[in-house]
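Notes to accompany the following structure.
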Amino acid sequence: MSFFITFFNELFFRPLLNALVFFTSILPFHDLGLAVIILTVLVRFVLFPFTHHSLKAQTKMRSLEPEIARLRDKHKNNQEEQARRTMALYKEHGVNPFSGCVTILIQLPLLIALYRVFLVGVGDMDRYVYPFVSVPDSLHTQFLGLINLTEASIFLAALSGLTQFIQMKLAIPASSLRTAQKADISHIMTTQMKYVMPGVVFVIGLQFPAAVSLYWTTMNIFAIIHEMIVRKKAEVIQTTYEHDPERELKKL
Numbered sequence: 587m588s589f590f591i592t593f594f595n596e597l598f599f600r601p602l603l604n605a606l607v608f609f610t611s612i613l614p615f616h617d618l619g620l621a622v623i624i625l626t627v628l629v630r631f632v633l634f635p636f637t638h639h640s641l642k643a644q645t646k647m648r649s650l651e652p653e654i655a656r657l658r659d660k661h662k663n664n665q666e667e668q669a670r671r672t673m674a675l676y677k678e679h680g681v682n683p684f685s686g687c688v689t690i691l692i693q694l695p696l697l698i699a700l701y702r703v704f705l706v707g708v709g710d711m712d713r714y715v716y717p718f719v720s721v722p723d724s725l726h727t728q729f730l731g732l733i734n735l736t737e738a739s740i741f742l743a744a745l746s747g748l749t750q751f752i753q754m755k756l757a758i759p760a761s762s763l764r765t766a767q768k769a770d771i772s773h774i775m776t777t778q779m780k781y782v783m784p785g786v787v788f789v790i791g792l793q794f795p796a797a798v799s800l801y802w803t804t805m806n807i808f809a810i811i812h813e814m815i816v817r818k819k820a821e822v823i824q825t826t827y828e829h830d831p832e833r834e835l836k837k838l
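For this note's numbering, add 586 to where a residue sits in the sequence shown, where the first one is 1.
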């Protein structure tokens with residue numbers, strides 16, 4: 587077990603912590619809040635190829651929902667045939683319904699490492715910082731001069747919950763929920779998660795340093811912008827989808 591902990595620390599935790607220390611040391615007033623935002627942006631760019639691929643797959647799946655609904659009606663008494671035809675439809679249009687799971691698995695180690703950076707590393711920098719990284723003599727932990735990032739903040743916790751709700755509302759549009767069957771367990775779970783997850787994020791934000799909520803809020807804002815851009819492109823393509831579905835889906 588100690589081997590895996592050491593491996594995780596050296597591959598994920600220490601690089602992220604040292605990046606945070608580096609950004610803090612070069613910023614005016616050694617502002618921890620700005621350093622957290624910059625680090626979050628950096629992580630978001632590293633993950634961009636994976637998140638973009640997953641988002642495109644989700645958008646394609648939403649475009650196929652009318653056809654999937656027809657398959658469900660046609661084979662409503664044969665679940666096995668329904669699943670087989672649905673997977674064949676995904677394959678025909680080059681859609682991987684499990685791409686979102688792969689993205690989560692890729693992001694998970696980075697997310698855990700970032701949480702550990704904010705919870706452990708900030709208060710014990712000297713122990714983990716590389717010899718060539720300069721540690722500032724003091725840190726400015728007051729974000730915007732108002733919020734102490736080393737303590738829990740109800741404002742940032744609420745902001746992280748709100749941005750999480752907006753992000754999930756964009757990711758799960760009402761049209762998708764209407765297309766799903768009312769008795770479909772996935773529809774029920776999706777609807778519940780849309781409202782439960784923001785509450786969970788808010789509660790977590792109340793338990794941890796505000797730096798965690800700031801990180802989560804920044805990630806959500808980027809996800810919202812990313813989702814809006816991809817959806818805008820999808821809406822343009824959807825207007826001509828009926829004329830040539832195969833060619834239009836490949837544009838996503």
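Glycine included, every Cβ here is placed at the ideal spot set by N, Cα and C.
For H661, the three-state secondary structure derived from DSSP is coil.
In the three-state scheme derived from DSSP, where H, G and I count as helix and E and B as strand, I733 is classed as strand. Short of 7 Å from the beta carbon of P722, and not among the five residues preceding or following it, lie these beta carbons of its own chain, in chain order: T610, S611 and H616.
Inclusion of L700 and L625 in the CB contact set at 9 Å is warranted, their separation being smaller than that value.
Fewer than three beta-carbon pairs drawn from the region 745-755 and the region 644-653 are found closer than 8 Å, and the two stretches are therefore not classed as touching.
DSSP, reduced to helix, strand and coil, places H639 within a helical segment of the structure shown. Assignment of H679 by DSSP, reduced to helix, strand and coil, places it in the coil class.
Note on V629: 16 or more other CB atoms within 10 angstroms of its CB, so buried under the neighbour-count rule. Shown here for V719: same chain residues with a beta carbon closer than 7 Å to its own, the five before and five after excluded, namely N604, V607 and F608 in chain order. Only exposed fits M779, as fewer than 16 other CB atoms lie within 10 angstroms of its CB.
Apart from the 5 residues on each side of it in sequence, F593 has no Cβ closer than 8 Å to any other Cβ in its chain. Check the Cα spacing between V787 and each of M754, V816 and I591: the tightest is with M754.
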